[in-house]
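Asks: I have a structure I would like to understand better, so I am pasting it below and will then ask my questions one at a time.
Residue numbers (the numbering used here): 20 to 334.
Okay, here's the thing in structure tokens:
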């Protein structure tokens, strides 16, 4: 809402910008958390937050874009369009995962079969978009279903006789991890190319919104985390809000759909992605090295002392 008022954006487009940058990036948080001295509960909390907010960012951003496409701002109708589109896309993705897992054992017999799963995802994405639904949600549903296919294997075999669904093996999972790594590498190049230094107003707007996000993060951590959480953990949780690949992909959608003001949303979102990653990395290092202990002792007074952290009893 602040972005809509400040940048002169329509209300729905301002909400879209908020949805794009509202989460934390699992691609950035997971490696950072792995190197920080955090209690297990705090670590799991950050990982779950990053995982679920990636999904929520996608869902709400695509929902607001759907609302703009249908020129509807009535919440009930907007929710109906959004749910129907996402439901059909999710069903398509899950169905595709079941079909693919049932044929995967045979596909592995082909030469150079490592590329077949990504190729199938592209086909599934295209078909879903052609049907007028969300390809991104279909791909997400495909990944969730394929990653948990062994948990529901018995249910599938109960309804479809003779089917033997299998999950991705370690080599195939590693291949997807390498693809993500390559995408992250070019992602930073693309972010740099997309930030127009001539548009200093949008860059400063991104910086201002980034600083506001860091300030608002402090009361969020205070409200959600128990007082048994060590001050060090609470301080690290307050500074770990990097945006990443999901936000970058979502920020380009308004431009691709020809929405007026889409360039503004993309520029501000890209600036926020850059600033949040840099500031989160710098502050997490300083906090762990006790370089900014006094301010965070003030913010998190009443939490367990940093010198003698105790294991939280819950998140």
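Here a beta-carbon is modelled for each residue, glycine too, at the ideal position from N, C-alpha and C.
Every value quoted in this text rests on a predicted model; they were computed, and no experiment measured them.
Any idea what DSSP makes of residue 188, helix, strand or coil?
Replies: For this step, residue 188 is matched to residue 169 along the chain shown. Coil, per DSSP.
Asks: Tell me, please, whether the segment 248-262 touches the segment 295-307 by the rule of three or more beta-carbon pairs shorter than 8 Å.
Replies: At 8 Å Cβ cutoff, the stretches touch.
Asks: Report the option in 74, 107 and 67 whose CA atom is closest to the CA atom of residue 49.
Replies: Along the chain shown, read from residue 1 onward, the residue named residue 49 stands at position 30. With distances taken between Cα atoms, residue 49 lies closest to 67.
Asks: With a threshold of 16 other CB atoms inside 10 Å of the CB of residue 197, please say whether the residue is buried or exposed.
Replies: If you number the chain shown from 1, residue 197 lands on position 178. Exposed, since its Cβ has fewer than 16 Cβ neighbours within 10 Å.
Asks: Using only the alpha-carbon positions, how far apart do residue 179 and residue 164 sit?
Replies: Locating residue 179 in the chain shown gives position 160, counting from the first residue. Locating residue 164 in the chain shown gives position 145, counting from the first residue. When rounded, the distance between both Cα atoms is 16 Å.
Asks: For the alpha helix (DSSP H) containing residue 146, list its first residue and its last residue.
Replies: Reading the chain shown from its first residue, position 127 is the one you call residue 146. Element bounds for residue 146: 135-149.
Asks: Can you check whether the CB of residue 110 is closer than 9 Å to the CB of residue 160?
Replies: Residue mapping note: residue 160 aligns to position 141 of the chain shown, counting from 1. Residue mapping note: residue 110 aligns to position 91 of the chain shown, counting from 1. Against a cut-off of 9 Å, the Cβ pair of residue 110 and residue 160 comes out as a contact.
Asks: Let me confirm a value: residue 262 is counted as buried when at least 16 other C-beta atoms fall within 10 Å, else exposed. Which label applies?
Replies: Your numbering for residue 262 matches position 243 in the chain shown. The residue in question, residue 262, is buried, as its Cβ has 16 or more Cβ neighbours within 10 Å.
Asks: Can you tell me whether residue 273 is buried or exposed, with buried defined as 16 or more other CB within 10 angstroms of its CB?
Replies: Taking the chain shown and counting its residues from 1, one reaches residue 273 at position 254. So residue 273 counts as buried.
Asks: Do residue 324 and residue 245 come within 9 Å of each other at the CB atom, strictly closer than that value?
Replies: Counting from 1 along the chain shown, the entry for residue 245 is found at position 226. Counting from 1 along the chain shown, the entry for residue 324 is found at position 305. Going by C-beta atoms, residue 245 is not nearer than 9 Å to residue 324.
Asks: Given that a residue counts as buried once 16 or more other Cβ atoms are within 10 Å of its Cβ, and exposed if not, what is residue 30?
Replies: In the chain shown, residue 30 corresponds to position 11, counting from 1. Burial call: exposed.
Asks: Reducing DSSP to helix, strand and coil, say where residue 323 ends up.
Replies: For the purposes of this step, residue 323 is taken as the residue at position 304 of the chain shown. Looking at residue 323 - three-state DSSP - the assignment turns out to be strand.
Asks: With residue 170 as the anchor, note down where its alpha helix (DSSP H) starts and where it stops.
Replies: Position 151 of the chain shown, counted from the start, is the residue given in the question as residue 170. From DSSP, residue 170 is part of no alpha helix (DSSP H); its letter is neither H nor E.
Asks: Can you confirm whether the segment 123-137 touches the segment 47-65 when touching is taken to mean that 3 or more C-beta pairs between the two stretches lie within less than 8 Å?
Replies: The segment 47-65 is not in contact with the segment 123-137.
Asks: Got a sec, what are the start and stop residues for the alpha helix (DSSP H) residue 152 sits in?
Replies: The residue labelled residue 152 in the question sits at position 133 within the chain shown. First-last for residue 152: undefined, no H or E at that position.
Asks: Determine the closest residue to residue 320 out of 126, 248 and 106, with distance taken between C-alpha atoms.
Replies: Here residue 320 refers to the residue found at position 301 when the chain shown is read from its first residue. Nearest C-alpha to residue 320: 248.
Asks: May I have the straight-line CA-CA distance separating residue 65 from residue 147, to the nearest angstrom?
Replies: Indexing the chain shown from 1 puts residue 65 at position 46. Indexing the chain shown from 1 puts residue 147 at position 128. Straight-line Cα distance between these residues: approximately 32 Å.
Asks: Over the uninterrupted alpha helix (DSSP H) stretch that includes residue 250, give me the two end residues.
Replies: Start at 1 with the first residue of the chain shown, and residue 250 comes out as number 231. It spans 250-258 - the alpha helix (DSSP H) in which residue 250 sits, taken as one unbroken run.
Asks: Which residue from 128, 229, 237 and 145 puts its Cα closest to that of residue 316?
Replies: Translated into the one-based positions of the chain shown, residue 316 becomes position 297. The shortest C-alpha separation from residue 316 is found at 237.
Asks: Can you grab the Cα-Cα spacing for the pair residue 294 / residue 224, in whole Å?
Replies: On the chain shown, position 275 is the one that residue 294 refers to. On the chain shown, position 205 is the one that residue 224 refers to. Using only the alpha carbons, I get a separation of about 11 Å.
Asks: Looking at residue 139: is its Cβ nearer than 9 Å to the Cβ of residue 115?
Replies: Translated into positions along the chain shown, residue 139 becomes position 120. Translated into positions along the chain shown, residue 115 becomes position 96. In this structure, residue 115 lies closer than 9 Å to residue 139 by Cβ.
Asks: One question on the structure: do residue 260 and residue 233 come within less than 9 Å of each other, judged by their Cβ atoms?
Replies: One-based indexing of the chain shown puts residue 260 at position 241. One-based indexing of the chain shown puts residue 233 at position 214. Against a cut-off of 9 Å, the Cβ pair of residue 233 and residue 260 comes out as a contact.
Asks: Over the uninterrupted alpha helix (DSSP H) stretch that includes residue 50, give me the two end residues.
Replies: As a working note, residue 50 is residue 31 in the chain shown. That run of the alpha helix (DSSP H) goes 45-54.
Asks: Indicate whether residue 276 and residue 88 have their beta-carbon atoms separated by less than 9 Å.
Replies: Counted from its first residue, the chain shown places residue 276 at position 257. Counted from its first residue, the chain shown places residue 88 at position 69. In contact: residue 276 and residue 88 (Cβ atoms closer than 9 Å).
Asks: Helix, strand or coil for residue 129? Go by DSSP, reduced to three states.
Replies: Taking the chain shown and counting its residues from 1, the one referred to as residue 129 is at position 110. Coil, per DSSP.
Asks: Put residue 234 into one of helix, strand or coil per three-state DSSP.
Replies: On the chain shown, residue 234 is found 215 positions in, with the first residue counted as 1. Helix, per DSSP.
Asks: If distances are taken between C-alpha atoms only, which option among 285, 63 and 59 comes closest to residue 218?
Replies: Numbered from 1 along the chain shown, position 199 holds the residue referred to as residue 218. When each option's Cα is compared against that of residue 218, the closest is 285.
Asks: Should residue 62 and residue 307 be called a contact, given that it needs their Cβ atoms to be closer than 9 Å?
Replies: Within the chain shown, residue 62 is the residue found at index 43, counting from 1. Within the chain shown, residue 307 is the residue found at index 288, counting from 1. No. Outside cutoff.
Asks: Let's see if you can read the secondary structure: which residues bound the alpha helix (DSSP H) around residue 64?
Replies: Locating residue 64 in the chain shown gives position 45, counting from the first residue. First-last of the alpha helix (DSSP H) with residue 64: 59-88.
Asks: Anyone know if the C-beta pair for residue 199 and residue 42 falls short of 9 Å?
Replies: To locate residue 199, count along the chain shown from 1; it is residue 180. To locate residue 42, count along the chain shown from 1; it is residue 23. Result no, Cβ atoms of residue 199 and residue 42 do not sit closer than 9 Å.
Asks: Do residue 195 and residue 122 have their CB atoms nearer than 9 Å?
Replies: Walking along the chain shown from the start, residue 195 turns up at place 176. Walking along the chain shown from the start, residue 122 turns up at place 103. Cβ distance not < 9 Å, so residue 195 and residue 122 don't count as in contact.
Asks: Return the CA-CA distance between residue 192 and residue 124, expressed in angstroms with no decimal places.
Replies: Within the chain shown, the letter at position 173 stands for residue 192. Within the chain shown, the letter at position 105 stands for residue 124. One C-alpha to the other measures close to 15 Å.
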